[in-house]
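Here the numbering used here is used: the first residue of the sequence shown is 18, the next is one more, and so on. For each residue, glycine too, the CB sits at the ideal point set by N, CA and C. What follows is a single structure, written as structure tokens, with notes after it.
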Amino acid sequence: MIAVDTNILVRCLTLDDPAHVPAAKALLAHGDGVFVAKTVLLELEWVLRAAYKLSQPTIQSALEKLLGLPNLSVENPNHVAQALDGYSRGLDFADALHLAASPADEGLFSFDARFVSVAAAAGHLVRLAGSVPAAPGA
Numbered sequence: 018m019i020a021v022d023t024n025i026l027v028r029c030l031t032l033d034d035p036a037h038v039p040a041a042k043a044l045l046a047h048g049d050g051v052f053v054a055k056t057v058l059l060e061l062e063w064v065l066r067a068a069y070k071l072s073q074p075t076i077q078s079a080l081e082k083l084l085g086l087p088n089l090s091v092e093n094p095n096h097v098a099q100a101l102d103g104y105s106r107g108l109d110f111a112d113a114l115h116l117a118a119s120p121a122d123e124g125l126f127s128f129d130a131r132f133v134s135v136a137a138a139a140g141h142l143v144r145l146a147g148s149v150p151a152a153p154g155a
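Structure follows, in structure tokens:
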């Protein structure tokens, strides 16, 4: 199995660099499998949104298509699936991925009021920092 960096995935999805696209496609077709880290997906969403100005539905579709490749393995696939679900419900992809990876029984804390609001509407326990009293003895 090989692992790929964000720029390989960007080339395959945007086809914007004729000099690199064939090599990037060949890497994604690697017979022994391709590994993609969660951090690569995080960066990929940011690049597609910030640099390429793609819309959320376009990015969501591209990520789902990519993750559907039969020889591709992603780090923590359950976290990624949960993050994509949150992304489809209006969460920022990074926030959705942080939420999916959070083991916190008492919720995830943030100063981002929009994140808290959107996550709560989707049924997640996300709280504004400072909204829970300090632990006894603290």
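Inset, instruction - Measure the Cβ-Cβ separation of VAL135 and LEU108 and say whether it is below 9 Å. - result: Within the sequence shown, numbered from 1, the residue matching residue 135 stands at position 118. Within the sequence shown, numbered from 1, the residue matching residue 108 stands at position 91. In terms of Cβ geometry, VAL135 and LEU108 form a close pair [threshold 9 Å].
Inset, instruction - In the DSSP assignment, find the unbroken alpha helix (DSSP H) run with LEU32 in it and report its ends. - result: In the sequence shown, counting from the first residue as 1, residue 32 sits at position 15. It is not in any alpha helix (DSSP H) - LEU32 carries neither H nor E in the DSSP assignment.
Legend entry - Proximity of GLY103 and ALA139 at Cβ, strictly below 9 Å: As a position in the sequence shown, residue 103 is number 86, starting the count at 1. As a position in the sequence shown, residue 139 is number 122, starting the count at 1. Yes.
Legend entry - Straight-line Cα distance separating LEU45 from LEU86: Against the sequence shown, residue 86 aligns to sequence position 69. Against the sequence shown, residue 45 aligns to sequence position 28. Spanning the two alpha carbons is a distance of roughly 9 Å.
Inset, instruction - Determine the DSSP secondary structure at SER1, reduced to helix, strand or coil. - result: Nothing can be reported for residue 1, as the shown portion of the chain is limited to 18 through 155.
Legend entry - The beta strand (DSSP E) enclosing ARG198, as first and last residue numbers: Nothing about residue 198 can be read from this structure; the chain reaches only from 18 to 155.
Legend entry - Three-state secondary structure (DSSP) of VAL21: Counting from one through the sequence shown, the residue named residue 21 turns up at place 4. Coil.
Legend entry - Length of the line joining the Cα atoms of ARG66 and GLN99: In the sequence shown, the residue the question calls residue 66 occupies position 49. In the sequence shown, the residue the question calls residue 99 occupies position 82. Taking the straight line from one Cα to the other gives about 20 Å.
Legend entry - PHE110 - containing alpha helix (DSSP H), residue span: For the purposes of this step, residue 110 is identified with residue 93 of the sequence shown, where counting begins at 1. Membership of PHE110 in the alpha helix (DSSP H) is indicated by the continuous run 110 to 118.
Inset, instruction - Identify, in the order they occur along the chain, each residue of the same chain with its Cβ nearer than 6 Å to the Cβ of HIS37, setting aside the five sequence neighbours on each side. - result: Translated into the one-based positions of the sequence shown, residue 37 becomes position 20. The beta carbon of HIS37 sits closer than 6 Å to the beta carbons of ARG28 from its chain, once the five residues preceding and following it are set aside; these are given in chain order.
Inset, instruction - Determine the contact status of VAL57 and THR23, defining contact as a CB-CB distance below 9 Å. - result: Taking the first residue of the sequence shown as position 1, residue 57 is located at position 40. Taking the first residue of the sequence shown as position 1, residue 23 is located at position 6. In this structure, the beta-carbon distance from VAL57 to THR23 falls below 9 Å.
Inset, instruction - Take the Cβ of ASP49 as the centre, count every other Cβ of all protein chains shown within 10 Å, and call the residue buried at 16 or more, exposed below. - result: Position 32 of the sequence shown, counted from the first residue, corresponds to residue 49. Exposed, since its Cβ has fewer than 16 Cβ neighbours within 10 Å.
Inset, instruction - Could you check what DSSP says for PHE132 in three-state terms: helix, strand or coil? - result: What you label residue 132 is simply residue 115 of the sequence shown in a count that begins at 1. Note: PHE132 maps to helix in three-state DSSP.
Legend entry - Minimum length 4: unbroken alpha helix (DSSP H) runs contained in the stretch 41 to 93: Scanning the stretch 41 to 93 from its first residue to its last, the whole alpha helix (DSSP H) runs of 4-plus residues come out as 55 to 63 and 73 to 84.
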